[in-house]
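Numbering-wise, the sequence shown is residues 1 to 120 according to my numbering. We put the CB at the ideal spot given by N, CA and C, even for glycine.
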Amino acid sequence: MSKYARTSPYHPIQIPLGFVLWSFWFVAMYGGHAVACEINPPDPTLGPWNWLNGTLGLLTLVTLAILVLQARRFWKLSRMTDELNERQIFVTKITSGLHLIAALATLYVGIPLLQLPPCI
1 MSKYARTSPY
11 HPIQIPLGFV
21 LWSFWFVAMY
31 GGHAVACEIN
41 PPDPTLGPWN
51 WLNGTLGLLT
61 LVTLAILVLQ
71 ARRFWKLSRM
81 TDELNERQIF
91 VTKITSGLHL
101 IAALATLYVG
111 IPLLQLPPCI
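Now the structure itself:
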């Protein structure tokens, strides 16, 4: 049993949380896109600059910001080597890296919002 609370940055539950957030974003983005295209599709003549891509782009930016800030937070925590044991350093470094990878995946999947019109 871990001596850290699950909300502690040193608890191993922190490791997959970046990808959990990414998966929620992914489902919300593509599910929201499908529902919006079925109920109220934007005008195709507007190209990628419409309300749907704007909303999904904003969701993408918020998710990206959260993931990058969390990656930075965990990286800073991992640099306090005098105060941490090996396990804590491992958890914070791995968590930081995985949050950064999730942020890059968010950016990679979100970039087409700038180029492609939805619902076509």
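Could you give the C-beta distance for residue i and residue j, rounded to a whole number, given that I count them as a contact under 8 Å?
i	j	result
residue 59	residue 25	7 Å
Compare the Cα-Cα distances from residue i to each of the options and report the closest residue.
i	options	result
residue 29	89, 114, 110, 41	110
residue 23	117, 63, 43	63
residue 19	57, 120, 102	102
residue 13	99, 120, 114	99
residue 11	86, 82, 43	86
residue 114	106, 53, 84, 72	53
residue 104	90, 118, 71	71
residue 108	7, 9, 118, 57	57
For residue i, which three-state DSSP category applies?
i	result
residue 116	coil
residue 44	helix
residue 76	helix
residue 30	helix
residue 100	helix
How many angstroms separate the CA atom of residue i from the CA atom of residue j?
i	j	result
residue 40	residue 16	35 Å
residue 65	residue 32	20 Å
residue 68	residue 77	14 Å
residue 5	residue 36	40 Å
- [ ] Kindly confirm or deny that the segment 42 to 51 and the segment 94 to 102 touch, where touching means at least three C-beta pairs closer than 8 Å.
- [x] Segments in contact, no.
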